[in-house]
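Inspection log for the structure reproduced underneath, given as structure tokens.
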DNA sequence: GTCAATTATAAGACTAATCACATTATTGAC
DNA sequence: GTCAATAATGTGATTAGTCTTATAATTGAC
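Residue numbers (the working numbering), protein chains in the order written: chain S, 91 to 279; chain Y, 91 to 279.
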């Protein structure tokens, strides 16, 4: 029952279609909430039924028609209520860490390969988020934007996402290096 | 279908009961996999049925009897297979970030309160993980332990958890300070 | 000119996770 | 002496999430 709040929060910056929302959940929103497109379409339908968002049809020539959604006053009130309640601690799941946990009992070469892949993935995401942050703050400096910008919520969550991916990349590189060194040391014996 | 691998990885350091496993999922394993006790009991039953773990009863006087589980050769082979396959990207969900995303549209005071709570929670976890790391490496220094220790998987995942919580705490404090300053500036007008 | 990707929206079947509850004895706190 | 917490293991109902599949026009790559 909390995907709805993530959807409401994502719709605060302007009306979006289900498809556009799915794109947002692939980029900025991915920093704090994971959801598949099918879930989003279903959740939008529920939110509209409950009067928390309202949709309107946009007719298009070259593309299929779409329905875009806006947060209603009731939706805003629901977000307000949600913000005041205390939430659950962060929910994490990561295949890669499971593999590292088992690193001493499985082929270390495979684990090193996964760590290297993930480091590269994190690096790509760091660049992506850097660009997104620049776009959000426009020509202003970060300090200036955070002090006087009109909409800083998405900027702050992207900052968290950026720090997360940097931590990820650094940890992956260090762990891979350590496992590599141990493998080399073992081979020398 | 991946909770099973997290359970197998957690059982690598010695036989555990369902109850003990649940404790592990509250501490060390929590750094990379979230699961409730009910899931663990159910998963252990499935793993035993599939021959990936084997259980044995331990009779106790003062406490209820328990069943402890060990990873079988088939279980180890399954982990090996899992480590070589490429996994999904990390799965994150965080109520708090949803609230921060909406910070410009809801009562900022509430969001600041949640950020402060989370910072304190992260700080407590940092101390906890610091203690766990000391316990894992014994009297050795970190460098020395990582080079020559016999079991470094859990240590590496705890390091990631520690860095995550440190990033969390720092971001929470900074975000709370920024929102606080904006509130003060707004009040002065 | 062909092929894959993008835009746009789902339904239906299935699997996984959560919520609420149930049991029983002991230990430790106040 | 009472009360909460800990140790120990689940079941059953419900909700949430994933996997597979479907449609159909257009744009961009090679």
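A virtual CB, placed ideally from N, CA and C, is assigned to each residue, including glycine. Just so it is clear, the structure is predicted and the values come from calculations on it, not from any experiment.
Q.
Buried or exposed for residue 204 (chain Y), going by 16 or more other Cβ atoms inside 10 Å?
A. buried
query = Can you tell me whether DSSP reads residue 162 (chain S) as helix, strand or coil?
reply = coil
Notebook entry, point to check: Would you call residue 244 (chain S) buried or exposed, if buried means 16 or more other Cβ atoms sit within 10 Å of its Cβ?
Noted result: buried
Q: Let me know the secondary structure DSSP gives residue 117 (chain Y) once reduced to three states.
A: coil
Problem - Under 8 Å (Cβ pairs) to chain S, residues found in the region 166-192 of chain Y - result: 166, 169, 170, 172, 173, 174, 176, 177, 178, 179, 180, 181, 182, 183, 184, 185, 186, 187, 188, 189, 190, 191, 192
Distance between beta carbons of residue 186 (chain Y) and residue 208 (chain Y), contact taken as under 8 Å: 5 Å
**Study point:** Stretch pair the region 227-244 of chain S + the region 216-230 of chain Y: three plus CB contacts closer than 8 Å
**Key:** no
Bridge-paired residues (DSSP) for residue 147 (chain S)
S:157
Alpha-carbon to alpha-carbon, residue 193 (chain S) and residue 251 (chain Y): 17 Å
**CA nearest to the CA of residue 225 (chain Y), picked from Y:201, Y:212, Y:239** = Y:239
- Query: Between the beta-carbon of residue 270 (chain S) and the beta-carbon of residue 174 (chain Y), is there less than 8 Å?
  - Reply: no
Chain Y contact for residue 69 (chain S) (CB, 8 Å cutoff)
Residue coverage of chain S in this structure runs from 91 to 279, which leaves residue 69 (chain S) outside it and unanswerable.
Per DSSP, which residues does residue 183 (chain Y) bridge with? Please list them.
S:123, S:181
message = Can you check whether the C-beta of residue 206 (chain S) is within less than 8 Å of a C-beta belonging to chain Y?
response = no
Integer Cβ distance of residue 182 (chain Y) from residue 122 (chain S), believed to fall under 8 Å: 6 Å
Using a Cβ-Cβ cutoff of less than 7 Å, which residues in the same chain neighbour residue 164 (chain S) once the five nearest sequence positions on both sides are dropped? 141, 142
*Neighbour list for residue 155 (chain Y) in chain S, Cβ cutoff strictly below 8 Å*: Correct list: empty, because the minimum Cβ distance to chain S is about 29 Å.
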